[in-house]
Every structure is written in structure tokens, then in C-alpha cells.
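Every number in my numbering is 2 more than the matching position in the sequence shown, counting from 1.
Heads up: the structure comes next, in C-alpha cells.
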Amino acid sequence: MQLDLDQTQLSEQLHGALAQWDTDLSVAEFHGSLCGLMAAGEAPTPAAMLAKLSDVMDQSLQSHSLLLEALWGQTLAQLESESFGLVPLIERDDLDLRLADLANWCQGFLLGVGFSGDTRTDSPETQQALEDMVAISHVALDGEDRIDGSDLEEVYEYARMTAHLLFVERHMANSTEKISATAH
């Protein structure tokens, strides 16, 4: 049995699951973590994803396996999309909340990449993009500050493209390693 949920439904269901797991993670941060794990090649299957996330959260997530498998499937399809279709689960309308969610998503993404333990050397472009993600994860507005919608959209697109860049780079490297190993 597989759940067929749109982005809004996934976000709502995930919010409920996070509350049941008694975690401080937001939907954006959790989704970012999943994307980071997947981009780093640490969640190649739903079972691997469940095991890794259960490990990271130090509890079983089996009670919501259908939801997480649906989220994994949708995220994989988006990461593999030739149109770079990844859609982070963040606030869509309120710009201030969208910025905070984007920072949380980037923080989660970096957490997921970090949990991979992969010490390979990424391309200079990917290294720079990951450093930029660190900066994005620390963005916050002070009281009277306002964010311009077009500026926020540029940062959002940059974060999405960074996730795709890492996913493609790591998966191409893994494919090359497998081909090289079978050739010898």
C-alpha cells in the first residue's frame, strides 16, 4: 500500500508525525534532512531511509513508514527530475516564515549530508554551494527587517539547485565507482 499525497498533504501529515515523535524538528528541517541524506546517497531505498532516520532520531519511525515512504518516493522523483523539480517543504505565502523555513530546511539538509559520513572531496562548485548553504541556514530577520520576495526566491532556487548538484555529483560518482569496480 502506498500513500498518494500532494505537497500540502505530506507537509500536514509530517507535522502530525513530528508531534507524535516529540521532536523539535520542523517539517522544513526534517524534509531538508531527508533531502541531504538522499543527495549524499545515504537513503537509496525506503528501508535504508527509515533505518537512517530512525538512527538519527534515536527512535523507531515504523509507525509512519507509509508516510515516510511516500515522502521518500516523491523526493527521489523530484531529485531525479530533469527539470530540477525538488520542492522543499517550506511555507509558501508569508515571506518571513518562508525565510525562516528555508533556513531550517538548509540546516536540515546540511545535517543530512553530515550524517552521511562521506569524506570524499566534492567539486569546488559543490564545496562552495555547501558553504553557501551554511550561510543560508543562519539567516534571520531582526525585528524591523523585511525580505524582498524576489531576493528570497533567488536564495530558494539556489538552495534547490545545491541539493540537485550534490545529488547528481554524488550519484554520478557512485555509478562511476561501481563501473570501475566491475571493470577490474
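Note that the Cβ used here is the ideal one computed from N, Cα and C, for glycine as well.
(1) Is it true that the region 55-72 meets the region 122-139, where meeting means three or more beta-carbon pairs spaced less than 8 Å apart?
(2) What span of residues does the alpha helix (DSSP H) with Leu73 cover, start to end?
(3) Tell me, to the nearest whole angstrom, how far the beta carbon of Ser118 is from that of Leu39; I am working on the premise that it is less than 8 Å.
(4) Could you check how far apart the C-beta atoms of Gln109 and Ser139 are, in whole angstroms? I think they sit under 8 Å.
(5) Going straight from the alpha carbon of Leu154 to that of Ser28, what length do you get?
(6) As an exercise, report each continuous alpha helix (DSSP H) stretch of at least 4 residues that is fully enclosed by the region 104-177, in chain order.
(7) Could you tell me whether the region 97-112 touches the region 42-53, using the rule of 3 or more Cβ pairs below 8 Å?
(8) For Leu88 and His166, which I take to be in contact (beta-carbon distance under 8 Å), what is that distance rounded to the nearest angstrom?
(9) Just to confirm the assignment: which complete beta strand (DSSP E) runs, minimum length 3, are found wholly within the region 20-53?
(10) Indicate the three-state DSSP secondary structure (helix, strand or coil) for Ser62 in the structure shown.
(11) What is the rounded straight-line gap between the Cα of Ser65 and the Cα of Ala19?
(12) Where His17 and Leu99 are concerned, what is the direct C-alpha to C-alpha distance, given to the nearest angstrom?
Inspection of the coordinates gives the following:
(1) no
(2) Residue mapping note: residue 73 aligns to position 71 of the sequence shown, counting from 1. Ser67 to Glu82 is the span of the alpha helix (DSSP H), which, as asked, contains Leu73.
(3) Your numbering for residue 118 matches position 116 in the sequence shown. Your numbering for residue 39 matches position 37 in the sequence shown. Going by Cβ atoms, the distance from Ser118 to Leu39 rounds to 7 Å, so yes, they are a contact pair.
(4) Here residue 109 is taken as the residue at index 107 of the sequence shown, counted from 1. Here residue 139 is taken as the residue at index 137 of the sequence shown, counted from 1. Confirmed, about 4 Å.
(5) The residue labelled residue 154 in the question sits at position 152 within the sequence shown. The residue labelled residue 28 in the question sits at position 26 within the sequence shown. Roughly 20 Å between the two C-alpha positions.
(6) 126-139
(7) no
(8) Along the sequence shown, one-based indexing puts residue 88 at 86. Along the sequence shown, one-based indexing puts residue 166 at 164. About 6 Å; that satisfies the 8 Å criterion.
(9) none
(10) The residue you call residue 62 lines up with position 60 of the sequence shown. Ser62: coil per DSSP, three-state reduction.
(11) Counted from its first residue, the sequence shown places residue 65 at position 63. Counted from its first residue, the sequence shown places residue 19 at position 17. Looking at the two C-alpha atoms, the distance is approximately 9 Å.
(12) Residue 17 sits at position 15 when you count from the first residue of the sequence shown. Residue 99 sits at position 97 when you count from the first residue of the sequence shown. The alpha-carbon atoms of His17 and Leu99 are separated by roughly 16 Å.
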